[in-house]
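What follows is a short report on a single structure.
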Amino acid sequence: MQRHLITSAIPYINGIKHLGNLVGSQLPADLYARYQRARGNEVLFLCATDEHGTPAELAAAKAGKPVAEYCAEMHTIQAEIAKGFRLSFDHFGRSSSPQNHALTQHFAGRLADAGLIREVSEKQVYSNADGRFLPDRYIEGTCPNCGYEKARGDQCENCTKQLDPTDLIEPRSAVSGSTDLEVRETKHLYLRQSELKDDLDAWIDSKTDWPILTTSIAKKWLHDGDGLQDRGITRDLDWGIPVRRGDDDWPGMEGKVFYVWFDAPIEYIACASEWADAQGGADWERWWRTDKGADDVRYTQFMGKDNVPFHTLSFPATILGSGEPWKLVDHLKSFNYLNYDGGQFSTSQGRGVFMDQALELLPPDYWRWWLLANCPETSDSEFTWELFQQGVNKDLADVLGNFVSRVTKFCRSKFGEAVPAGGTYGAQEHALIAELDTRIARYADLMDAMEVRKSAQELRAIWVAGNEYLQAAAPWATIKEDADTAAMQIRLGLNLIALYGALSEPFIPDAAAQLQTSLNLGDPQWPENASEALAVLKPGHAFVVPDNLFAKISDEDRADWQERFAGVRS
RNA sequence: GGCGCGGUAGCUCAGCUGGUUAGAGCGCUCGACUCAUAAUCGAGAGGUCGGGAGUUCAAGUCUCCCCCACGCCA
-8 MQRHLITSAI
2 PYINGIKHLG
12 NLVGSQLPAD
22 LYARYQRARG
32 NEVLFLCATD
42 EHGTPAELAA
52 AKAGKPVAEY
62 CAEMHTIQAE
72 IAKGFRLSFD
82 HFGRSSSPQN
92 HALTQHFAGR
102 LADAGLIREV
112 SEKQVYSNAD
122 GRFLPDRYIE
132 GTCPNCGYEK
142 ARGDQCENCT
152 KQLDPTDLIE
162 PRSAVSGSTD
172 LEVRETKHLY
182 LRQSELKDDL
192 DAWIDSKTDW
202 PILTTSIAKK
212 WLHDGDGLQD
222 RGITRDLDWG
232 IPVRRGDDDW
242 PGMEGKVFYV
252 WFDAPIEYIA
262 CASEWADAQG
272 GADWERWWRT
282 DKGADDVRYT
292 QFMGKDNVPF
302 HTLSFPATIL
312 GSGEPWKLVD
322 HLKSFNYLNY
332 DGGQFSTSQG
342 RGVFMDQALE
352 LLPPDYWRWW
362 LLANCPETSD
372 SEFTWELFQQ
382 GVNKDLADVL
392 GNFVSRVTKF
402 CRSKFGEAVP
412 AGGTYGAQEH
422 ALIAELDTRI
432 ARYADLMDAM
442 EVRKSAQELR
452 AIWVAGNEYL
462 QAAAPWATIK
472 EDADTAAMQI
482 RLGLNLIALY
492 GALSEPFIPD
502 AAAQLQTSLN
512 LGDPQWPENA
522 SEALAVLKPG
532 HAFVVPDNLF
542 AKISDEDRAD
552 WQERFAGVRS
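When you line the first sequence up against this note's numbering, it's residues -8 to 561, in that order.
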């Protein structure tokens, strides 16, 4: 039995994620986790909300709530939506958890002991009215270059000129609008990533089986310009993990917190600890410490391409620098972007379809299937309502749903709601079994390789094989002359449904469960071989004709949704 | 402006280290079937693989130049 540790990039707490976010990490991670469980492997699948940083504070302020309360509420909402999509996390944690506090402080202490942290004194804008330091992008003013009045302290979005906050004319706080700003000196801790550059380089070089997208991004960051830069790991904020050196105070760092990019990935580890505590004290270190049983764990991370640098460099730098035997990622699967109707999905602009809205329109399987079958693996891909409608109707309703329908209803009308007895396999049946053996093996190989689109294609081909067989066997004609052979044909058809349930579960868990229930079966079993799998349902086994598995999306619905989601979410 | 990823049938996409008549699904046309969610199955028509030059016995697949789209960065 293999052991798989699987993590999805952790979504930021600020707001509900859109379908592009979903398909770029959580959904394919769930597919892989479900598949590995189905194969009988031990899986720990973790995700969490990323809760620290200025955007969270500001969102909370906007909502008129204390930030801790806001985060707790948003975490609950995101957890509910994740359930709605059937994301099968073993634990959905929080980067603000006590476990992550302790672990982040621990790592900072280890890094300091290893001489990998240095203090830097820098100037930063302080807002007296807000009583806080302001990150560059939360300072607004008039652009000295083009005169745009809402330029941000890091860049003018009108003329795209890069700015320094002190360049702005009449700078003001984007939080309160106050102009009572001053530049203050403040001390921060920097992680000396540059010291780890060679180690990281060698480590990346050893990953010959990683996608080019992944390694090329990592290499770019390692070698471009002056190479990997040291990076600040602290901020002058209230909300976050207090800066401590392990269990000790850190003189000079009072009132500061760790920068969100530093503590967020550590939550991958802390989340396992949260999971263990939720289980009443399971052993989580056997998943994360190679000196405590994690030697045989294969760790796979899923993320969008924008997150690759953090997972290939920043987080590994933290782990390598600690000098402790924590697990490093073995395989890293990154995704491109899903576009929405010719443009980008955008959280900040409210453009596209968001996870909560999607579930209001259709059950999760519809989205899961289409998004996975069309996920942006090799390049950006396109969501349009026409493509979505076509894909869902054809694949789910016509090919799979209708197959289930025609077999079960034919059986009910000719033999009743029990698996009919009689007849023996002929050439057609043996040919089908041979084809299925080949296809199932290929499907499994593709799923193991996380070839998401190709896996979906193969699964669909397996569904189609059922329709091809039925068309050729034509039990509706057979039954007129040879009732036994017709019984065999339809018995095979019913067993195909059971097989489809088992094979399809990672993609469409609800439909799979519905099939298991209709067929009076327990948990689906992954087929050892087609021949045995197609003998699971014995003659006499009672079943119930299920409701149609999938309803088609009508042209009216499609047009309606197209219009409804054409603008931006307010 | 630099960098990155792409530009393959009407649409969405496969095509590993160069090698027989370039593939799939959808859409379209025709045919078969009538058990089924007007579903299914079969057949067919569609591409000078963005443009140009080069390397080679042989290039969608390598090299160079250019054009276009998208993304990231300065």
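C-beta atoms are modelled at their ideal positions from N, C-alpha and C, and glycine is treated no differently.
Best match in the options for proximity to residue i [C-alpha to C-alpha]
| i | options | result |
| --- | --- | --- |
| Asn91 | Asp548, Glu258, Pro518, His421 | Glu258 |
| Val58 | Asn5, Ala308, Val344 | Asn5 |
| Trp252 | Asn32, Pro46, Pro466, Ser164 | Pro46 |
| Pro2 | Thr338, Glu315, Asp104 | Thr338 |
| Ile431 | Pro233, Asn393, Glu449 | Glu449 |
| Pro355 | Ile224, Ser446, Leu18 | Leu18 |
| Tyr491 | Asn539, Asp436, Gly392 | Gly392 |
| Leu319 | Ser325, Phe326, Leu311 | Leu311 |
| Ser495 | Leu304, Leu483, Val443 | Val443 |
| Leu78 | Gln115, Gly55, Thr(-2) | Thr(-2) |
| Ala99 | Arg235, Val344, Pro135 | Arg235 |
| Glu183 | Ser167, Glu276, Asp221 | A small correction: the amino acid at residue 183 is Arg; Glu does not occupy that position in the sequence shown. Checking every option, the nearest Cα to that of Arg183 belongs to Asp221. |
| Gly15 | Lys405, Met441, His66 | Met441 |
| Glu48 | Glu71, His82, Tyr129 | Tyr129 |
| Pro126 | Ala267, Gly271, Pro162 | Pro162 |
| Pro266 | Ala464, Ser185, Leu(-4) | First, the residue type needs correcting, since residue 266 is Trp and not Pro in the sequence shown. Of Ala464, Ser185, Leu(-4), the residue nearest in Cα terms is Leu(-4). |
| Ala502 | Met438, Gly417, Pro256, Trp360 | Trp360 |
| Pro20 | Met294, Glu459, Ala409 | Checking the sequence shown, residue 20 turns out to be Ala, not Pro. Cα-wise, what sits closest to Ala20 is Met294. |
N-terminal and C-terminal residue of the alpha helix (DSSP H) that residue i is part of
| i | result |
| --- | --- |
| Phe253 | 251 to 269 |
| Ile(-3) | Segment -6 to -1 is the beta strand (DSSP E) holding Ile(-3); no alpha helix (DSSP H) there. |
| Ile470 | Here Ile470 belongs to no alpha helix (DSSP H), and DSSP marks it neither H nor E. |
| Gly382 | 376 to 382 |
| Arg280 | Neither: Arg280 is in no alpha helix (DSSP H) and is coded neither H nor E. |
| Arg549 | 546 to 555 |
| Ala47 | 45 to 54 |
| Trp194 | 188 to 196 |
Beta strand (DSSP E) segment containing residue i, residue limits
| i | result |
| --- | --- |
| Arg289 | 288 to 295 |
| Phe498 | Phe498 -> no beta strand (DSSP E), and no H or E assigned at all. |
| Thr133 | 130 to 133 |
| Glu33 | 33 to 40 |
| Phe83 | 82 to 85 |
Helix, strand or coil at residue i according to DSSP, with G and I counted as helix
| i | result |
| --- | --- |
| Pro75 | The sequence shown places Gly at residue 75, rather than the Pro named in the question. Helix. |
| His179 | strand |
| Asp104 | helix |
| Thr67 | helix |
| Gly122 | coil |
| His532 | coil |
| Ile160 | strand |
| Asp514 | coil |
| Gly15 | helix |
| Leu172 | strand |
| Val390 | helix |
| Ala142 | strand |
| Pro2 | coil |
| Gln462 | helix |
| Pro233 | strand |
| Gln448 | helix |
| Val166 | coil |
| Gln115 | strand |
| Ser522 | helix |
| Asp428 | helix |
| Glu110 | strand |
* **Runs of alpha helix (DSSP H) lying entirely within the stretch 393 to 420, each at least 4 residues, in chain order** => 393 to 405
* Asked: Of all the alpha helix (DSSP H) runs that stay within the bounds of the stretch 312 to 368, which reach a length of 4 or more residues?
  -> 346 to 352, 355 to 364
* **Inter-stretch contact at 8 Å, needing at least 3 Cβ pairs: the stretch 187 to 196 / the stretch 221 to 234** => no
* Is there contact here, the stretch 233 to 241 with the stretch 282 to 290, by at least three beta-carbon pairs under 8 Å? -> no
* Asked: Counting pairs of beta carbons, one from the stretch 498 to 510 and one from the stretch 531 to 538, are three or more of them closer than 8 Å?
  -> yes
* Asked: Is there contact here, the stretch 515 to 534 with the stretch 87 to 103, by at least three beta-carbon pairs under 8 Å?
  -> no
* Do the stretch 404 to 415 and the stretch 468 to 480 make contact, defined as three or more Cβ pairs closer than 8 Å? -> yes
* Do the stretch 322 to 342 and the stretch 6 to 25 touch if we need at least three Cβ pairs shorter than 8 Å? -> yes
* Given 8 Å, three or more beta-carbon pairs between the stretch 111 to 120 and the stretch 167 to 174 -> yes
* Asked: With a cut-off of 8 Å, do at least 3 Cβ pairs link the stretch 360 to 379 to the stretch 26 to 37?
  -> no
* **Inter-stretch contact (C-beta, 8 Å, three-pair minimum) for the stretch 536 to 552 and the stretch 381 to 395** => yes
* To do: Tell me, please, whether the stretch 178 to 185 touches the stretch 105 to 114 by the rule of three or more beta-carbon pairs shorter than 8 Å.
  => yes
* Quick check: the stretch 298 to 312 against the stretch 18 to 27, are there 3 or more CB pairs under 8 Å? -> no
* Asked: Is it true that the stretch 543 to 550 meets the stretch 520 to 528, where meeting means three or more beta-carbon pairs spaced less than 8 Å apart?
  -> no
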